[in-house]
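In this note's numbering, each residue's number is its place in the sequence shown (first place is 1) plus 111. Here a beta-carbon is modelled for each residue, glycine too, at the ideal position from N, C-alpha and C. Here the structure comes first, spelled out in structure tokens, and everything after it is commentary.
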Amino acid sequence: WLVLRRVVQEAGNGDIYGLKLGDTAVVPLLTSPAREWNPAVSPDGKWLAYSSDESGASEVYVRPFPDVGSAKWQVSLSGGNSPIWARNGRELFYLNSRQEMVSVQVTPGPAFAVGEHKVLFPAAPFNVGGGYQLYDVTPDGKRFVMVRGAAATAETELVMVQNWFEELKARTRK
112 WLVLRRVVQE AGNGDIYGLK LGDTAVVPLL TSPAREWNPA VSPDGKWLAY SSDESGASEV
172 YVRPFPDVGS AKWQVSLSGG NSPIWARNGR ELFYLNSRQE MVSVQVTPGP AFAVGEHKVL
232 FPAAPFNVGG GYQLYDVTPD GKRFVMVRGA AATAETELVM VQNWFEELKA RTRK
């Protein structure tokens with residue numbers, strides 16, 4: 112599956128769609144008057160975490176995937192956004208309304224269960240807002256990759272190295 116969302120400002124208000132590998136038709140997954148964004152499919156492909164303002168505030172929800180209409184669980188407590196799964200599928204990270212990174216243990220299975228919420232660190236110094244994912248968690252679930260904004264007067268430089276291993280091999284042969 113490829114899971115995508117419509118642009119929030121377009122008609123459809125950020126609805127979430129899916130495209131099955133080999134198909135050409137996009138399947139509506141979450142279409143409602145509310146905005147839905149930040150879709151994240153669990154590593155085992157059985158759950159869809161996403162943000163929605165259906166309650167009047169941004170919250171994080173989880174539904175079975177791809178049968179999203181069969182059940183729904185609210186994961187965040189008083190505000191949440193930008194969910195992402197740990198690689199083991201038993202932990203979900205999100206940003207709360209105070210821009211703090213939160214970890215919540217989840218128990219997937221026939222009766223999905225949400226465990227204890229734990230604030231990990233303030234994420235305000237990082238660029239984490241928007242309708243798309245601006246951070247990721249390492250495969251071991253212990254570190255995050257995030258973007259930190261540069262001061263307006265600071266010069267910034269992006270260095271991109273293509274074919275890094277080939278370059279390394281060429282330089283070490285000498």
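**Prompt:** Starting from ALA160 and walking both ways along the beta strand (DSSP E), at which residues does that stretch end?
**Reply:** Taken as a continuous stretch (DSSP letters only), the beta strand (DSSP E) holding ALA160 covers 158-163.
**Prompt:** Whose C-beta lies closer than 6 Å to the C-beta of ALA145 among residues of the same chain, with five residues either side of it excluded?
**Reply:** For ALA145, where only same-chain residues beyond five positions count, the Cβ hits under 6 Å are SER163, ASP164, GLU165.
**Prompt:** Taking 7 Å as the cut-off, is the CB of VAL171 close to at least one heavy atom of the ligand GTP?
**Reply:** Of the ligands one can find in the structure shown there are none, so the ligand GTP has no counterpart to examine.
**Request:** Alpha carbon to alpha carbon, how far is ASN207 from GLY167? Give it in angstroms, no decimals.
**Result:** Answer to the nearest angstrom: the Cα atoms are 15 Å apart.
**Prompt:** For LYS280, which of helix, strand or coil comes out of DSSP?
**Reply:** LYS280: helix per DSSP, three-state reduction.
**Asked** What does DSSP give as the partner residues of PRO139 in its beta bridges?
**Response** Residue pairing by DSSP puts PRO139 in a beta bridge opposite TYR128.
**Prompt:** Could one say the Cβ of TYR161 lies closer than 8 Å to chain C's Cβ atoms, at least one of them?
**Reply:** This model lacks chain C altogether, as it is built from one protein chain only.
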